[in-house]
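Asks: Below: one structure in C-alpha cells.
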C-alpha cells in the first residue's frame, strides 16, 4: 500500500490542506508533506495522530476493499490485513513491525491483531492513545509495555488489559521476536 498517496487522498477527500491537517494533528506541514511524498514513513503514533485528525481509524485506513456480499467467518493466514504504517513494514530503525488484522474491523465491534515485534522494534517514540479497551497475550518472546507512565516487561504467557485512552507504547527490548495476539474494542486503532 502507498501510505503517502492514501493519506493525501483521504486528506483531499475531506477538503483539508496540509496546513489544516497539520494544525489539527499537532504535526508540522513539512512532516505531512514528506509522508505524502513517501520520503519518510510515519511512526504508528504519528499516523494515528493524523488519522484521528481526519476522524478515521487505522482499521478503516488499511481496510482492503473486498467484494464480499455476505459475512465471512473464517480467514486463512494470508488473508489477514497488514495495518502497520511503515513502507515494507520497516520502522525508522530498520526493524520490521507487523500488525496483522483479522478481517475488516470496520464491520465488527472487536478488532483482533496478530503482532510481531523483532528485537529493537517498537511502536515509535510517541505514545499511542485511542478510545476503547485493549488486551493481549504474549505468545512468544518478551515485550516492554508502558501504560500511563508505568512500564512492565511481559514474557510468554503474560497478558495485559487497559483503557486505551491511556498513553501506551510497545517495545521489544529482548534479543528475539515477540509475538502477541491482541484485541481492541471498539475497533479504533
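Numbering (this note's numbering), first residue to last: 46 to 234.
By construction, the Cβ of each residue, glycine as well, lies at the ideal position given by its N, Cα and C atoms.
For residue 106, which of helix, strand or coil comes out of DSSP?
Replies: helix
Asks: Could you give the distance in angstroms between the alpha-carbon of residue 89 and the alpha-carbon of residue 129?
Replies: 7 angstroms
Asks: Taking just the CA atoms, how far does residue 124 sit from residue 107?
Replies: 13 angstroms
Asks: Span of the beta strand (DSSP E) holding residue 56?
Replies: That residue, residue 56, is in no beta strand (DSSP E); its alpha helix (DSSP H) goes 48 to 58.
Asks: Would you decide whether residue 169 is buried or exposed? Buried here means 16 or more other CB atoms lie within 10 Å of its CB.
Replies: buried
Asks: Could you name the residues of the same chain whose beta carbon sits closer than 7 angstroms to that of residue 120, not counting the 5 residues immediately before and after it, in chain order?
Replies: 147 and 148
Asks: Return the first residue and the last residue of the alpha helix (DSSP H) that residue 171 is part of.
Replies: Where residue 171 is concerned, there is no enclosing alpha helix (DSSP H), given that its DSSP letter is neither H nor E.
Asks: Rounded to whole angstroms, what's the CA-CA distance from residue 61 to residue 50? Just pull it up for me.
Replies: 15 angstroms
Asks: Does residue 233 come out as helix, strand or coil in the three-state DSSP assignment?
Replies: In this structure, DSSP gives residue 233 a state outside helix and strand, which the three-state scheme calls coil.
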